[in-house]
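Engineer: Numbering (our numbering), first residue to last: 32 to 390. Shown below is the structure under consideration.
Spelled out as C-alpha cells, the structure:
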C-alpha cells in the first residue's frame with residue numbers, strides 16, 4: 032500500500048497497529064528488541080524500537096525495554112555495541128551515540144506517558160550514560176565516536192553520531208531539570224558540541240574518508256536541532272537531488288541506487304524541523320509500498336536492479352515509521368521531539384547536585 036497522506040489529528044491507529052504488534056512480537060523475554068527475530072540488539076536501534084512501542088500505547092513493553100538497558104549497563108555507564116540471547120554479541124567497542132540515546136528514549140516515553148516514577152527509576156542509567164559520553168568530549172567540543180574493548184578512545188568524530196548526541200543531551204538536560212538535578216555541566220557540553228558541529232568541520236572525519244556521501248550527514252544536523260531556520264532550508268535544498276529519488280524515498284548514500292525506509296522517515300522528520308511540511312507529507316506517503324502484511328517494512332529497495340535489499344524487516348525501521356507518523360499527525364505529546372528544540376530552563380529548588388564530570 033502506498034499513498035498514505037497524514038495530517039494533524041489523523042493518526043490511522045488501525046493501519047499502524049500491526050506495525051506496533053510487529054515490534055512487540057520481536058521483543059525478547061529479557062526486554063531487549065533485536066533487529067528481527069534471531070538477530071542481535073544494539074542500544075541505539077533498541078531505543079528506536081522502544082519509542083515505537085510508546086507511540087503505539089504499549090507502555091509496559093516500552094518500559095521493559097528501558098529496564099533491559101538499565102539491567103545490562105556497564106559500570107562506566109556504557110553498553111557494548113550489540114547483544115544477542117542474553118550475551119554480548121559485539122564486545123569490540125562501545126559507541127558514544129549508542130550510549131547517549133537512552134536519554135532520548137527515556138524522555139520520549141515520559142513525554143508520552145507523564146510517568147514520573149519511570150523517569151526517576153531510569154535517571155541513574157541516564158546520568159551514568161551521559162557521564163560516560165562526556166568524558167570523551169574533546170576541548171574542541173566534538174565527541175569521540177567510540178572506545179575499544181579496553182576503553183581506549185577511537186579518536187575521531189562523526190557528524191551523524193555527534194548530531195544524535197546533541198539531541199540526546201537536550202533530552203538528558205530536560206530529564207535533569209524535571210527531576211530537579213543540576214544540568215549546568217551538560218548544558219555547557221551541549222553548547223560546545225553544537226559549536227563544533229556548526230563551526231568546526233575539521234574536527235570530523237579526520238582519520239577516514241569523509242562521510243558526506245551518506246544522507247544522514249546531510250539531514251541529521253537538522254533532525255537533531257543543530258541547524259534550523261533558513262540554514263536548515265538551504266541545507267536541504269543543496270543536496271535534495273543527490274539523495275531523494277522521487278516516488279521511492281531517500282538514498283542511504285548519494286552514489287548508490289538504494290533507498291532505505293528508515294532514512295526516509297528521518298528525512299521526513301528533518302523536513303518538518305526545517306518547516307517544509309508539504310515535502311515531509313509527500314516523502315512519507317511513498318514509504319508504504321515497502322510494507323508487508325504483518326505491518327513490518329523492508330529495509331530498502333535497490334532501484335537499479337529492482338530488488339528489495341537486504342532481505343530484512345528491522346524493528347527499528349518500524350519504529351522510525353511510527354515516529355514519523357506521530358510527528359506528522361501530532362498524535363502523542365512527544366510528537367515534536369525531533370522537529371523542535373525544547374530545552375527546559377533550570378530552576379533548582381535545592382542545592383545543586385553535580386550531574387557529571389567531564390575530563
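Glycine is no exception: its CB is placed at the ideal position from the N, C-alpha and C atoms. Given the structure is predicted, the values throughout are model-derived calculations rather than measurements.
Could you tell me how far apart the beta carbons of residue 56 and residue 77 are, in whole angstroms, since I believe they sit closer than 8 Å?
Structural biologist: Not really, about 15 Å apart at Cβ, beyond 8 Å.
Engineer: If we call anything under 9 Å between Cβ atoms a contact, is residue 93 one with residue 85?
Structural biologist: Their beta carbons are under 9 Å apart, which means residue 93 touches residue 85 by this criterion.
Engineer: Quick one: Cα of residue 165 to Cα of residue 337, how far?
Structural biologist: Roughly 44 Å between the two C-alpha positions.
Engineer: By DSSP's criteria, residue 276 is part of a beta bridge. Which residues make up the other side?
Structural biologist: In the DSSP output, where bridge partners are listed per residue, residue 276 has 280.
Engineer: Below 8 Å, how does it come out for the region 163 to 182 and the region 239 to 250: are there three or more Cβ pairs, yes or no?
Structural biologist: At 8 Å Cβ cutoff, the stretches do not touch.
Engineer: Note the first and the last residue of the continuous beta strand (DSSP E) segment covering residue 121.
Structural biologist: Run containing residue 121: 118 to 121, per the beta strand (DSSP E) assignment.
Engineer: With a threshold of 7 Å on Cβ separation, who are the neighbours of residue 389 within its own chain once the five nearest residues in sequence on each side are excluded?
Structural biologist: Because the pLDDT at residue 389 is just 42, under 50, the model does not fix this residue reliably, and the point stays unresolved.
Engineer: Does DSSP put residue 350 in a helix, a strand or coil?
Structural biologist: Helix at residue 350.
Engineer: Please classify residue 32 as buried or exposed, where buried requires at least 16 other C-beta atoms within 10 Å of its C-beta.
Structural biologist: With a pLDDT of 43 at residue 32, under the threshold of 50, the modelled position of this residue cannot be trusted; read the value that follows with caution. Exposed is the call here.
Engineer: Verify whether the separation of the beta carbon atoms of residue 195 and residue 135 is less than 9 Å.
Structural biologist: It is a contact, given that the beta carbons lie within the stated cut-off.
Engineer: If you follow the beta strand (DSSP E) that residue 154 is part of, which residue opens it and which one closes it?
Structural biologist: From DSSP, residue 154 is part of no beta strand (DSSP E) but of the alpha helix (DSSP H) over 147 to 165.
Engineer: Any chance you could list the alpha helix (DSSP H) runs of at least 4 consecutive residues sitting entirely within the region 250 to 333, in chain order?
Structural biologist: Counting only runs of 4 or more, we get 260 to 274, 292 to 304 and 308 to 316.
Engineer: Rounded to a whole number of angstroms, what is the C-alpha to C-alpha distance between residue 359 and residue 238?
Structural biologist: Going by the C-alpha atoms only, they are around 38 Å apart.
Engineer: Over the uninterrupted beta strand (DSSP E) stretch that includes residue 178, give me the two end residues.
Structural biologist: Run containing residue 178: 177 to 179, per the beta strand (DSSP E) assignment.
Engineer: CB-CB under 7 Å to residue 142, same chain, minus the five flanking residues each way: which ones, in chain order?
Structural biologist: Excluding sequence neighbours, residue 142 sits near 364, 365 and 368.
Engineer: Taking only three categories from DSSP, how would you classify residue 19?
Structural biologist: No information on residue 19 is available, as it lies outside the stretch 32 to 390 that the chain covers here.
Engineer: Whole angstroms are fine: how far does the CA of residue 311 sit from the CA of residue 96?
Structural biologist: Their Cα atoms are separated by approximately 29 Å.
Engineer: Looking at residue 188: is its Cβ nearer than 9 Å to the Cβ of residue 226?
Structural biologist: It is not a contact, given that the beta carbons lie outside the stated cut-off.
Engineer: Cβ of residue 111 less than 9 Å from any chain B Cβ?
Structural biologist: The displayed structure is made up of one protein chain only, and chain B is not part of it.
Engineer: Going by DSSP, which residues form a beta bridge with residue 38?
Structural biologist: Paired residues: 41.
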